[in-house]
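Read the structure below first, then the notes.
There are 2 protein chains.
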Amino acid sequence: MYDNYFRQLTAKMPLTDDERALIQSFLSVKKIRRKQYLLQEGDVCKVVAFVEKGALRSYTVDNEGKEHVLQFALEGWFISDLYSFLTGEVSVYTIEAIDDSELVLINQPAHEELLKRSPSYQAYMLQLITGAYIALQRRVTSTISLSPEERYRDLVALYPNIVQRVPQHMIASYLGLTPETLSRIRRRLADE
Amino acid sequence: MYDNYFRQLTAKMPLTDDERALIQSFLSVKKIRRKQYLLQEGDVCKVVAFVEKGALRSYTVDNEGKEHVLQFALEGWFISDLYSFLTGEVSVYTIEAIDDSELVLINQPAHEELLKRSPSYQAYMLQLITGAYIALQRRVTSTISLSPEERYRDLVALYPNIVQRVPQHMIASYLGLTPETLSRIRRRLADE
DNA sequence: CGTTTGCTTGAATTCTGTCAAAGCAGGTGG
DNA sequence: CCACCTGCTTTGACAGAATTCAAGCAAACG
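Sequence lines, in order, name chains V and X. The letter at position 170 of the first sequence is residue 170 when you use our numbering, and the numbering goes up by one with no holes. The letter at position 15 of the second sequence is residue 15 when you use our numbering, and the numbering goes up by one with no holes.
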């Protein structure tokens with residue numbers, strides 16, 4: 001159940017068997033079905049989720065009821081609202097399963113405890129936040145400096161899996177476009 | 001010289017006199033004049049800068065030569081390309097002084113050393129990255145879910161100082177608009 | 001005092017969003 | 001096995017919004 005999780009973790013951080021057992025004792029597993037929520041807007045984000053299998057997305061809903069995708073997470077990725085998770089403030093995001101998925105979860109108290117008890121976990125969390133930060137920065141840069149067509153090509157180049165596995169209207173939302181506009185962009189790109 | 005810096009730091013993190021002296025021994029001060037660069041695109045970002053006085057911005061230049069502002073930093077803010085600073089990769093950002101400014105700098109080796117030697121500094125850095133992450137997340141959310149006019153009003157509400165002290169075309173760039181469009185939005189808002 | 005810089009305004013153009021309709025799987029039940 | 005949904009994508013026509021290009025103006029600067 002925790003295979004991918006520890007494969008990922010030990011790749012960055014060598015662990016003793018004891019440490020692995022300690023960490024694992026704080027984790028839990030959750031299966032979640034397509035269209036179910038891991039987090040709903042207005043709730044506090046209580047977990048960080050590692051995607052063992054499946055796909056999820058996080059998004060906001062604006063005051064016209066439209067969804068705006070912030071992030072996708074496929075196998076091997078983490079998803080959460082770190083802001084809400086770390087501060088305890090309510091979240092403006094919703095996290096939803098795109099497919100039936102299997103997750104490895106860690107909740108806030110367990111996270112606190114592990115930070116104290118395991119230096120490896122501590123170092124790993126720093127890497128995790130740094131990674132999340134870097135991903136967000138790339139996201140911002142692409143959003144503010146590229147045209148819609150370039151943003152789409154960038155996404156295809158960087159995450160080909162996502163484009164294959166995620167419905168197109170969610171990709172459009174991620175890119176800040178309407179589904180119609182994305183469809184036309186794809187048409188233009190195909191006509192070459 | 002380091003007044004604001006340590007006021008900020010000790011507000012979040014009580015320090016012994018020894019620890020303060022240790023940290024201060026790794027810092028340096030730099031004066032930088034309007035329009036001078038702290039970081040140029042293609043270079044590795046070697047410092048994290050705390051703004052004691054003045055104002056800076058970071059921005060990318062797209063392949064049409066247009067600038068896109070990622071971040072502003074006034075007194076009491078930090079500015080850097082954390083990605084480049086932490087990984088050693090070259091940066092796609094330029095950091096430039098908007099006004100004559102006074103900075104407190106810490107470079108990479110000093111940063112490494114302090115992480116090892118000072119638990120307070122370590123905890124502070126984690127807060128710093130977390131803070132940077134949260135700020136970026138708010139930025140993304142606003143960019144993807146608000147209209148240009150709403151983004152502008154949000155910015156004015158959140159950072160009134162910035163709007164007063166930074167040239168309008170830079171604000172426009174930050175919001176992802178042309179200066180003309182921002183000018184018209186301001187006109188509309190004033191006509192009420 | 002001439003020059004530069006930044007902001008505003010107008011008119012034409014381009015692009016994106018909106019609305020509506022149709023096409024196209026994949027899944028379900030009769 | 002087929003007819004019928006249902007969810008998703010594509011297409012077209014049109015309206016609306018932002019960009020572009022150009023010009024004018026005011027304040028700051030050397």
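Glycine is no exception: its CB is placed at the ideal position from the N, C-alpha and C atoms.
Item, Value
"Proximal residues of chain X, C-beta to C-beta of I129(V) below 7 Å", "I129, T130, Y133"
"Nonlocal neighbours in the same chain, by C-beta distance under 7 Å from M13(X), ignoring five residues either side", "S120, A123, Y124"
"Spatial neighbours of D81(X) in its chain, beta-carbon cut-off 6 Å, leaving aside the 5 residues before and after", "C45, S91, Y93"
"CB contact flag (A55(V), I95(V), <8 Å)", "no"
"Which listed residue (R139(V), N63(V), R165(V), E102(V)) has its alpha carbon closest to that of D3(V)", "E102(V)"
"Contacts of S145(V) in chain X (Cβ-Cβ under 7 Å)", "T60, D62, H68"
"Nearest to F78(V) (by Cα), restricted to the options D17(V), A135(V), Q36(V)", "A135(V)"
"Within chain X, the residues that Q137(V) reaches when beta carbons sit closer than 7 Å", "Y83, L136"
"Test item: CB-CB of R188(X) and L74(X) under 8 Å", "no"
"According to DSSP, residues forming a beta bridge with I185(X)", "None; I185(X) has no bridge partner."
"Length of the line joining the Cα atoms of G76(X) and Q137(V)", "22 Å"
"Residue environment, S118(X), which counts as buried when at least 16 other CB atoms sit within 10 Å", "buried"
"Residue burial classification, R34(X) (beta-carbon count within 10 angstroms, cutoff 16)", "exposed"
"Residues near S84(X) in its chain [Cβ-Cβ closer than 6 Å; skip 5 each side]", "V44, C45, S91"
"Rounded distance between the beta-carbons of T143(V) and T60(X), thought under 8 Å", "Contact flag wrong, Cβ pair sits at about 11 Å."
"Stretch-stretch touch, CB-based, cutoff 8 Å, three pairs: the region 61-73 of chain V with the region 19-34 of chain V", "no"
"Cutoff 8 Å: V92(X) Cβ touching any chain V Cβ", "yes"
"Per-residue DSSP class, three states only, for A55(X)", "coil"
"CA nearest to the CA of V69(X), picked from L146(V), T130(V), I106(V), A157(V)", "L146(V)"
"Contained beta strand (DSSP E) runs [length at least 3] in the region 44-116 of chain V, N- to C-terminal order", "47-53, 56-61, 67-73, 94-97, 101-107"
"Contact list for T141(V) against chain X, beta-carbon separation under 9 Å", "T60, H68, L70, V92, Y93"
"7 Å CB neighbourhood of T178(V) in its chain, flanking five on each side removed", "A172"
"Cα-Cα separation between F26(X) and L38(V), rounded to whole angstroms", "44 Å"
"Beta-carbon proximity check, T130(X) vs L22(V), cutoff 8 Å", "no"
"Selection from V48(V), H169(V), E52(V), G88(V) that minimises the alpha carbon distance to M1(V)", "E52(V)"
"Span of the alpha helix (DSSP H) around Y12(V)", "Residue identity differs from the one stated: residue 12(V) is Lys in this sequence, not Tyr. Note, K12(V): alpha helix (DSSP H), 3-12."
"DSSP state of S173(V) mapped onto helix, strand, coil", "helix"
"Spatial distance of F6(X) from D100(X) (CA atoms)", "21 Å"
"Listed by chain order, chain X residues near G176(V) by CB distance under 7 Å", "I144"
"Residues bridged to G37(X) [DSSP beta-bridge criterion]", "Just to set this straight, residue 37(X) is Tyr in the shown sequence, not Gly. Per DSSP, E96(X)."
"Start-to-end residues for the beta strand (DSSP E) that takes in S28(X)", "28-32"
"Q71(X), buried or exposed, once every other Cβ within 10 Å from all chains shown has been counted against 16", "buried"
"Residues of its chain near R20(X), where Cβ-Cβ distance is below 7 Å and the 5 sequence neighbours each way are ignored", "F6"
"Status (buried if at least 16 other CB within 10 Å, exposed otherwise) for S58(X)", "buried"
"Neighbouring residues, chain V, relative to L126(X) (Cβ below 7 Å)", "L126"
"Inter-residue Cα distance where the pair is A190(V) and Y152(V)", "13 Å"
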